[in-house]
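Each residue of the sequence shown is one higher than the one before, counting from 2 in the working numbering.
Below is one structure, written out as structure tokens; the observations come after it.
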Amino acid sequence: MRGFEPGKRRRAEHGDRLDLQCDVCIVGAGAGGSAVAAALAERGLDVVVLEEGQHWNPSDFQSKTRFALKNLYQGRGLRSCRGNAITLMPGGRGVGGSTLINSAICFRCPDPVLKSWREEHGCETLEPARMNGYFDRVWSTLGVSVNPVAVQRNNNLIFKEGVEALGLEGGAFMARSAPGCVGCGLCQYGCPSGGKYSADRTFMAEALATGRVGVYSDCRMRGVETDGDRVTAVTGFLIDPDTHAENGEVRVTADHFVISGGPVGSPLFLLANGLAENTHCGQHLVVHPTVAALARFPQEIRPWSGVTQGYYVDCWEKGFLLQTFTVTPDNYYIALQTGMGEETMRIMKDLAHLASAGALVHDEDSAGRVQHTPVGPDLSYFLGDGDKKRLIDGMRLTAEVFFAAGATRVHPGRVGLTAIERPEDIEASLPYDMPASHLFLYASHPMGTCRMGADPETSVVDPRGRVWGWSNLSVADASIFPTSLGVNPQVTTMALGLMVGHTIAG
Ligand SMILES: Cc1cc2nc3c(=O)[nH]c(=O)nc-3n(C[C@H](O)[C@H](O)[C@H](O)COP(=O)(O)OP(=O)(O)OC[C@H]3O[C@@H](n4cnc5c(N)ncnc54)[C@H](O)[C@@H]3O)c2cc1C
């Protein structure tokens, strides 16, 4: 043991100052950071992981919006982008990162995407045999499986009925990293049953079990010390877990540093410290823009109950997926505020009769970025016309599925919430020329802001995840994706984390 204590370390044990030394220091304990920690520790390296949020156990979680937003969400759940549409961009905080609040959906990186990363972006490290080994490992570590029909419940089953009635191909229950799911519908507030296998309970638990890893919570990292082309230390603040106020200091020296703060946190850290230029760092933000739709059925659906996101339709070739989703009743209410007034109250009164699903788009021509400014982060996302068209195609198909399942009314995620009363009105209600500003976008998959590539002129990290220009600094999280994926990203993030970790360990 050298300069740090392995195990879970909490603010109450830190004192006023942490001064640590290790082989590798990781900033951020989400999907990427946890996988890197596991890969490094199994190769015999001593690792310190620094995380701004807290350590959690399933029994700590409360099914209360106030608790979840304050403790588990970046920006208390209000993180959003300016641009040509309203875009909420939630992200997690805590050991486990966004996997603490994600819906556990699992997809491997589609082959054409991996091929384009190799052939168009020069990422020769991502050769199929190696990556398939990593995907297999993520699959088994996360206990990925399809949940039984008994826990899917009405919101997923009614969508399946519609897909079958329409004769659509590509419908299926989704594989999830929640082998013990009980269908309580609370994934996004932290899984209270422990049925979800989030990164803290899988890769980070593996890393901790080696006895070589210390995971220090409540550490907000801000600065670096450098010497030539090497980073020699990272510095930051200890924070009060309740108020989030900075009330102590932390400094860690190491041979190698990995930034895994996620697609917002990592570019901000690099830019704020002058470790990368903003010509590419923070640029190329892609998010899988998503628009929801609600549908009214004569029978009770009780959409808050069951697997949070259980069923989907694969339209990847057309540039989108349809996926069911549920949130808690107060979150439906918050989303409905785009309509306001009498219409919102009418829908809320009917909540038990509603079902919800949405379209997730593989973004291609939108323009997003994360920038560091003296007054704080500036996040922007401008939906492109091609992506808007794919979203509208997805919204139209979602409405068709709902009507085929017997819906009497569909409320698409348009600001103003104009209801569609009949299938014949779908196209007119969702015209291709509607302004992007009429869409209420949800973007829980930021990616691409420190993109990987073989050319330092067009990328931020090399194909091993090393930041160009630095000999001992890497990034491992969803920010290093060279492009958007078109499928939910946690599995690919973890697989890349394993690759970066093994490459550092040699
Ligand atoms: C609501 C929601 C639902 C989702 N559902 C799914 C799903 O069903 N399936 C799927 O595949 N994906 C899903 N995702 C996306 C998936 O969880 C993320 O893509 C993945 O977790 C990204 O991993 P990451 O390592 O890049 O970042 P994160 O997992 O977000 O981890 C980053 C961590 O770094 C910490 N950090 C940042 N900056 C600092 C700093 N300066 N100092 C210290 N710590 C710092 C943060 O607090 C955070 O804990 C969802 C995401 C959200 C928000």
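Don't be surprised by glycine CBs; every beta carbon is placed ideally from N, CA and C.
Could you tell me the alpha carbon to alpha carbon distance between residue i and residue j, rounded to whole angstroms?
i: Glu301; j: Ala206; result: 41 Å
i: Asp219; j: Tyr74; result: 14 Å
i: Ser472; j: Val462; result: 11 Å
i: Ser357; j: Glu170; result: 20 Å
i: Glu428; j: Val253; result: 57 Å
i: Leu89; j: Tyr382; result: 10 Å
i: Ala277; j: Leu271; result: 6 Å
i: Gly78; j: Leu70; result: 5 Å
i: Ala105; j: Tyr313; result: 14 Å
i: Cys23; j: Phe5; result: 7 Å
i: Met2; j: Asn133; result: With a pLDDT of 35 at Met2, under the threshold of 50, the modelled position of that residue is not reliable, and no figure is offered here.
i: Ala508; j: Ser306; result: The structure shown does not extend to residue 508, since the chain is modelled only from 2 to 507, so the question has no answer here.
i: Glu365; j: Leu384; result: 10 Å
i: Phe321; j: Ala296; result: 20 Å
i: His289; j: Leu361; result: 6 Å
i: Gly31; j: Thr345; result: 36 Å
i: Gly470; j: Val232; result: 11 Å
i: Asp243; j: Gly266; result: 21 Å
i: His15; j: Val50; result: 14 Å
i: Gly215; j: Ala444; result: 32 Å
i: Val328; j: Cys185; result: 10 Å
i: Ser64; j: Pro299; result: 28 Å
i: Ala477; j: Leu239; result: 23 Å
i: Gln491; j: Ala479; result: 8 Å
Pull up the DSSP beta-bridge partners for residue i, would you.
i: Thr484; result: DSSP, once it has assigned bridges, lists no residue as partnering Thr484.
i: Arg423; result: Looking at the DSSP assignment, Arg423 forms no beta bridge with any residue, so it has no partner.
i: Ile106; result: Arg177
i: Arg83; result: Ser381
i: Ile240; result: Glu247
i: Asp532; result: Examination of residue 532 is not possible in this model, given that the chain is present from 2 through 507 alone.
i: Asp20; result: Arg252
i: Glu226; result: Ala234
i: His412; result: Leu295
i: Cys185; result: Per DSSP, none; premise fails for Cys185.
i: Phe441; result: Ile87
i: Met500; result: According to DSSP, which records beta bridges pairwise, Met500 is partnered with nothing at all.
i: Phe321; result: Cys316 and Val362
i: Lys9; result: Val216
i: Thr100; result: According to DSSP, which records beta bridges pairwise, Thr100 is partnered with nothing at all.
Contact defined as beta carbons within less than 8 Å: I believe residue i pairs with residue j. What is the distance between those atoms, to the nearest angstrom?
i: Gly98; j: Gly34; result: 7 Å
i: Pro268; j: Thr493; result: Contact doesn't hold; Cβ gap of about 18 Å is too wide.
i: Ala406; j: Phe160; result: 7 Å
i: Pro330; j: Asn156; result: Going by Cβ atoms, the distance from Pro330 to Asn156 rounds to 13 Å, so no, they are not a contact pair.
i: Leu486; j: Pro111; result: 7 Å
i: His281; j: Arg465; result: Contact flag wrong, Cβ pair sits at about 17 Å.
i: Val48; j: Ala208; result: 7 Å
i: Tyr420; j: Arg410; result: Here residue 420 turns out to be Ala, not Tyr, going by the sequence shown. Correct: roughly 5 Å between the Cβ atoms.
Ligand 1 and residue i: does the residue's C-beta get closer than 7 Å to at least one heavy atom of that ligand?
i: Pro483; result: no
i: Pro290; result: no
i: Asn103; result: yes
i: Pro459; result: First, the amino acid is wrong: residue 459 is Thr here, not Pro. Outside the cutoff, so no.
i: Asp478; result: yes
i: Gln508; result: Lying outside 2 to 507, the shown extent of the chain, residue 508 is not represented and no answer is given.
i: Glu250; result: no
i: Glu301; result: no
i: Gly466; result: no
i: Gly377; result: no
i: Gln189; result: yes
i: Met222; result: yes
i: Gly266; result: yes
i: Ile159; result: no
i: His373; result: no
i: Gly30; result: The sequence as given places Ala at residue 30; Gly does not occur at that position. Flag set: Cβ of Ala30 near ligand 1.
i: Gly180; result: Position check: residue 180 holds Pro in this sequence, whereas Gly was assumed. For ligand 1, not one heavy atom lies less than 7 Å from the Cβ of Pro180.
i: Arg138; result: no
i: Cys23; result: no
i: Arg508; result: The first residue shown for the chain is 2 and the last is 507, placing residue 508 beyond what the model contains.
i: Cys192; result: no
i: Thr211; result: no
Using a Cβ-Cβ distance under 8 Å, would residue i count as near chain B?
i: Gly29; result: Among the protein chains of the structure shown there is no chain B, as only one such chain exists.
- Item | the region 284-294 / the region 368-375 touching (three or more Cβ pairs under 8 Å) | Taking 8 Å as the limit for Cβ pairs, the verdict is that the region 368-375 does touch the region 284-294.
- Message: Below 8 Å, how does it come out for the region 209-219 and the region 106-124: are there three or more Cβ pairs, yes or no?
- Response: no
- Message: Would the region 250-266 count as touching the region 82-89 if we require 3 or more Cβ pairs under 8 Å?
- Response: no
- Kindly confirm or deny that the region 412-424 and the region 437-444 touch, where touching means at least three C-beta pairs closer than 8 Å. Three or more beta-carbon pairs separated by less than 8 Å link the region 412-424 to the region 437-444, which places the two stretches in contact.
- Message: Quick test of the definition: if touching needs 3 or more C-beta pairs under 8 Å, does the region 196-216 touch the region 132-149?
- Response: yes
- Query: Taking one C-beta from the region 179-188 and one from the region 145-155 each time, how about it: are there three or more such pairs within less than 8 Å?
  - Reply: yes
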